[in-house]
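In our numbering, the protein residues as written are 1202 to 1529.
Have a look at this one:
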């Protein structure tokens, strides 16, 4: 059955991370996103089961189209997630949900799709800079992992999202202290990626490494506890871990901006930064972003934004479905 035969049937949207599965419905192009609900991924064996549970809970027995953003590369029909135990076939999921069309996106590809629609209260600018119209945009954000993507204009003028796995580039220290932290982490991880320090688990890794360097015994703290103690300034190792994460994010975001030529701006998302409130703007993030030697003035002209919009990946999914429908 052709999806165009269902103009009034809601479309299913999803944003699947390592910890949570967020779902919503949208009636059609330019329509508001409704019935948002978050389910813990650990309570369901795969995407189909979680989506079915969501549809039952919101009283929506049937949808014809769906777009799901997932924290994983999209490479073939079978997906095995990096940060949880889900493994499933895209086609089997489509059939299990009775869908005419199931579009799967990398979660940061969906974030990139949403970027042109974000403005005003959706964004908080950190530091100086003005976006260059039509120039590439970069997106990066620490959550369970570290998401990275970009957005470029095609010759015909439409925005094209580029999914990647930039969170797994090698960590590049920029000071003796960061090099010392890297040496500690090498004892556990043969390859220390940016994600190993710029993410929820990264905050835990930074805290443990800093404790060892300070000659203190680390406690078994979660990322949320490290963040809480760091924000409250009640633990010096937690304070440094939080500041190091922000600075390392600045360095890594700057590398993305230089590589991409992202004069359209760098957009920062992810749950870790979203929970820091005003602290992030006061941190060393922007100074680290601009610290590129001979290219410091170039970096100063690139704006950096924290995404404050609710569920931007769901916005991107809705836009992706709209673009797919328009091409038919």
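All C-beta atoms in this analysis are idealised placements derived from N, C-alpha and C, irrespective of residue type, glycine included.
If you draw a straight line from the Cα of residue 1280 to the Cα of residue 1416, it comes to about 42 Å.
Shown here for residue 1374: same chain residues with a beta carbon closer than 6 Å to its own, the five before and five after excluded, namely 1380 and 1383 in chain order. Pairwise C-beta distances place the region 1291–1309 in contact with the region 1257–1269, as three or more of them are shorter than 8 Å. Taking C-beta separations shorter than 7 Å and ignoring five residues to either side along the sequence, the partners of residue 1386 in its chain run 1393, 1397, 1406 and 1410, following chain order. If the five residues before and after residue 1249 are omitted, its C-beta is found closer than 8 Å to the C-beta atoms of 1289, 1293, 1294, 1297 and 1298, all from its own chain and listed in chain order. Residue 1221 is positioned such that its CB atom lies closer than 8 Å to that of residue 1241. Each of 1341, 1457, 1433 and 1497 was checked against the Cα of residue 1471, and the nearest Cα belongs to 1341. Boundaries of the beta strand (DSSP E) around residue 1360: 1360–1364. Shown here, residue 1265 sits in coil according to DSSP, grouped into three states, outside any helix or strand. In its chain, beyond the 5 residues on either side, 1491 have a beta carbon closer than 8 Å to the beta carbon of residue 1497. Between residue 1495 and the set 1325, 1459, 1477 and 1486, the nearest pair of CA atoms involves 1459. By the neighbour-count criterion, in which 16 or more other beta carbons inside 10 Å mark a residue as buried, residue 1371 falls on the exposed side. Contact check for residue 1509 against residue 1352 fails: the beta carbons are separated by 8 Å or more. If you look at residue 1425, you'll find it in the alpha helix (DSSP H) that goes 1424–1433.
Secondary structure of residue 1506 (DSSP, three-state): strand. Between residue 1301 and residue 1336, the beta carbon gap of about 37 Å keeps them out of contact (Cβ cut-off 8 Å).
The criterion of a C-beta distance shorter than 8 Å is satisfied by residue 1440 and residue 1434. Inclusion of residue 1427 and residue 1404 in the CB contact set at 8 Å is warranted, their separation being smaller than that value. As computed with DSSP, residue 1235 is found in a beta bridge with 1226. Ranked by how close their Cα comes to the Cα of residue 1443, the residues 1424, 1452, 1230 and 1378 have 1424 in first place.
Pairing residue 1349 with residue 1450 gives a Cβ-Cβ distance that is not under 8 Å. In the structure shown, residue 1384 falls within a helical segment according to DSSP collapsed to helix, strand and coil. Residue environment: residue 1488 is assigned as exposed (fewer than 16 neighbouring CB atoms within 10 Å of its CB, all protein chains considered). CA-to-CA, the gap between residue 1355 and residue 1461 works out to about 15 Å.
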